[in-house]
């Protein structure tokens, strides 16, 4: 989100729709939310129902023209996301009791765990469907990969699924459709490898197409959370089928918004969700505490956006006993962020310089107008005698790792930063596991993750709100399409859970830095402005932000 347009209060988050090096407030898709097993009904509490039976349904192809408002890790090591600090099964330390309610359960009626990552949920859903079709005595192969096998042939399986398809809820339809697509892809791949007798099944293709048609009749970008999410998940599935994921990721089938429009969409999210503010509020508290006795500070921000985060920090530094330190900021940003900002990094530097002058803080800005993947030592203007802080706000998951390229920019960048001997490093990321997962488990993870996200957005704006529709379409849908439809280097949305980030940082030589109580207190202050269904918890050195019992994002500090 564009910082210059964001109100003067502490907070900030994700990236610009799809940009790998987008920036904080204005460029973060709060759509980084963690796995969620939710049914397609609206959750309790502040959730409302917005769509009537006769309301028109939309997909991205028929998105109504809405106005907008302007406001002044090593893959070989398995780390499961099948855990949440908010899950009833897990021990947890609630920092904010006022945001913890025993009735804030969140999960699918098919599963008692808040996060499913091992295939059991999809298998359970399909088993339930098989029982409806074949009776409770039907034999489903427990070793099958999220499918009915056993005594039921593929044609019989899909014929029976299609018989009850109109009565399935949207989550069941999406899961069944994804499995049909996976069946087609696996068989086609085997056929290409000349596996004896393998050819794409007409039953799989028919099932896939029929399920897509049924979904198209049910989804709506202006409906309840699951209807809206299903509209974008469906676009991802169709993009995958037609191998157009990369194109849609860049242009979506919607009119590309202007920079000012994009800023306004991200600001809508800033005001109705706490994800951006969770990111830069936690980082600011950590950095200020780490630099308390320093007279010269250098901050490297790998997603500078409008730089609003640092306006708030300098306002705090101005009140230090003995006077403020000198502040040197290096902002890393690429051309895609410049589109939303309406100009280059010099605009950020000018804005921050004015803010520093008004606070009486000695200030210098250095622009590094490149992608984080391209950053080298010479781009960072390191100086002897400056205490260094490095900020990674929802950006490292865009760096391709060893599963994408031998250059492994994700770990290379961490090793580069460690070689600079920073006094503190702040990391904020979405608590989701989509980096190296195969299509089917990645689809399931994405469905769970964004179910929580859309429900949380719903608490801030009604489902038929035009600004919210535009914000989701332009800033969330691209992420969803990219995760579902793209593979290889084209898939830039590659989230990892905190356990994997911890291993990567440890391998780069970092050690965790415990968060002080001040961080939790600051976030609690932010959350008072939002739904009580947002909660925070601390575990293993990280602060988790959650919606009900679903972890959405984590903040941590390293040195």
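In our numbering, the protein residues as written are 11 to 569.
Glycine included, C-beta positions come from ideal geometry on N, C-alpha and C.
Everything numeric in this text was worked out from a predicted model, so none of it was measured.
- Only exposed fits residue 174, as fewer than 16 other CB atoms lie within 10 angstroms of its CB.
- By the Cβ-count criterion, residue 560 is buried, with 16 or more other Cβ atoms from all chains shown falling within 10 Å of its own Cβ.
- For the set 182, 293, 325 and 326, the Cα lying nearest the Cα of residue 310 is the one of 293.
- With respect to the 8 Å criterion, residue 340 and residue 394 are not classified as neighbours on the basis of their beta carbons.
- By a beta-carbon distance limit of 8 Å, residue 552 contacts residue 508. Their separation comes to about 5 Å.
- In this structure, residue 296 sits away from residue 493, with a CB-CB distance that is not shorter than 8 Å.
- Between residue 482 and residue 238, the CB-CB gap stays under 8 Å.
- The beta carbon of residue 499 sits closer than 8 Å to those of 410, 414 and 415, all from its chain and outside the five residues before and after it, given in chain order.
- In this chain, the alpha helix (DSSP H) harbouring residue 453 covers 449-468.
- Beyond the five residues adjoining it in sequence on each side, residue 224 comes within less than 7 Å, by CB distance, of 175, 176 and 183 in the same chain, given in chain order.
- With distances taken between CA atoms, residue 537 lies nearest to 291 out of 463, 520, 359 and 291.
- Rounded to whole angstroms, the separation of the alpha carbons of residue 244 and residue 217 is 15 Å.
- Residue pairing for residue 440: DSSP places it in a beta bridge opposite 563.
- Secondary structure within the stretch 247-334: the beta strand (DSSP E) runs of 3 or more consecutive residues, fully enclosed, are 306-311 (chain order).
- Annotation: the continuous alpha helix (DSSP H) that includes residue 512 extends over 508-517.
- For residue 219, the closest C-alpha among the options 248, 461 and 201 is that of 248.
- Pairing residue 550 with residue 419, the inter-Cα distance amounts to about 26 Å.
- The Cβ-Cβ distance between residue 422 and residue 282 does not fall below 8 Å.
- Per the Cβ contact rule, the stretch 386-404 is in contact with the stretch 298-309 (3 or more Cβ pairs under 8 Å).
- Around the beta carbon of residue 199, fewer than 16 other beta carbons sit within 10 angstroms, so the residue counts as exposed.
- Collapsing the DSSP output to three states places residue 424 in a helix.
- Residue 403 sits close to residue 289, with the two beta carbons spaced by under 8 Å.
- The beta carbon of residue 369 sits closer than 6 Å to those of 324, 325 and 328, all from its chain and outside the five residues before and after it, given in chain order.
- Taking C-alpha positions only, residue 406 is separated from residue 456 by approximately 18 Å.
- Annotated as distal: residue 440 and residue 278, with beta-carbon spacing of 8 Å or more.
- The beta-carbon separation of residue 299 and residue 528, rounded to 7 Å, stays under the 8 Å limit for a contact.
- Residues 392 and 398 of the same chain have their beta carbon placed closer than 7 Å to that of residue 430, with the five preceding and five following residues left out of the count.
- Leaving aside the five residues that flank residue 321 on each side, the residues in its chain whose CB is nearer than 6 Å to its CB run, in chain order, 365.
- When DSSP states are grouped into helix, strand and coil, residue 239 belongs to the helix group.
- When only Cα atoms are considered, residue 562 and residue 301 end up about 28 Å apart.
- Around residue 495, the same chain offers 246, 249, 250 and 255 as residues with beta carbons nearer than 6 Å, after the five sequence neighbours per side are excluded.
- By the 16-neighbour rule on beta-carbons within 10 angstroms, residue 356 is exposed.
- For residue 545, the pairing in a beta bridge is given by DSSP as 556.
- With contacts defined as CB atoms closer than 8 Å, residue 452 and residue 185 fail to qualify as a contacting pair.
- Taking all protein chains shown into account, residue 203 has fewer than 16 neighbouring C-beta atoms within 10 Å of its C-beta and is therefore exposed.
- Contact annotation, residue 432 with residue 287: C-beta distance approximately 24 Å; criterion of less than 8 Å not satisfied.
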